[in-house]
Amino acid sequence: MKVLLVKITLRALWSHSLKEKRMVVKSIIQKLKNKFNISVAEVDEQDIHQLIVIGIAGVCTASAQVDSTLENIINFIECNTDAEISNIEREDIGTL
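Just so it is clear: in the sequence shown, position 84 is 84 by UniProt numbering, and no numbers are missing.
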């Protein structure tokens, strides 16, 4: 089994308050959890209203499934939020 570990940074230039940011973050996190059955949390920059950093962890059966799942997650984020992906950090972990 392979582990998917990713940190995705999004820029929400239209966000003018932490309240606006939290609404977007809560929505995208819940949608990702429901759609992909993964663990998702806001992991950094909680006090900066135009940056969203989410961490994603999941377990897959093969490397090809990890790649496919990551691609689907990125596409899903791009389609379901107005925030722009600015950075994707992927960490490869060996087999479980």
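Even for Gly, the Cβ is constructed at its ideal location relative to N, Cα and C.
Spatially closest choice to residue i from the options, by CA coordinates
i: Gln30; options: Glu89, Ser15, Thr81; result: Thr81
i: Val43; options: Val3, Phe36, Ile54; result: Ile54
i: Lys7; options: Gln50, Ser39, Lys35, Asn34; result: Ser39
i: Asn37; options: Gln50, Glu45, Val59; result: Val59
Beta-carbon proximity check, residue i vs residue j, cutoff 8 Å
i: Ile88; j: Leu32; result: no
i: residue 153; j: Ser27; result: Here the chain comprises residues numbered 1 to 96, so residue 153 is not present and cannot be evaluated.
i: Glu84; j: Leu10; result: yes
i: Leu5; j: Ala64; result: no
i: Ile48; j: Val24; result: no
Residue i: first and last residue of the uninterrupted beta strand (DSSP E) it sits in
i: Asn80; result: That residue, Asn80, is in no beta strand (DSSP E); its alpha helix (DSSP H) goes 63-80.
i: Ser27; result: Careful: Ser27 lies outside any beta strand (DSSP E), inside the alpha helix (DSSP H) at 18-36.
i: Glu42; result: 39-44
i: Ala57; result: 51-60
Burial state of residue i (16 or more Cβ within 10 Å)
i: Leu18; result: exposed
i: Lys2; result: buried
i: Leu13; result: exposed
i: Thr69; result: buried
i: Ile93; result: exposed
The alpha helix (DSSP H) enclosing residue i, as first and last residue numbers
i: Ile88; result: Counting along the chain, Ile88 falls outside any alpha helix (DSSP H), though it belongs to the beta strand (DSSP E) covering 84-93.
Proximity test, residue i beta-carbon vs the ligand SAH heavy atom, cut-off 7 Å
i: Val25; result: Ligands displayed in this structure: none; no statement on the ligand SAH is therefore possible.
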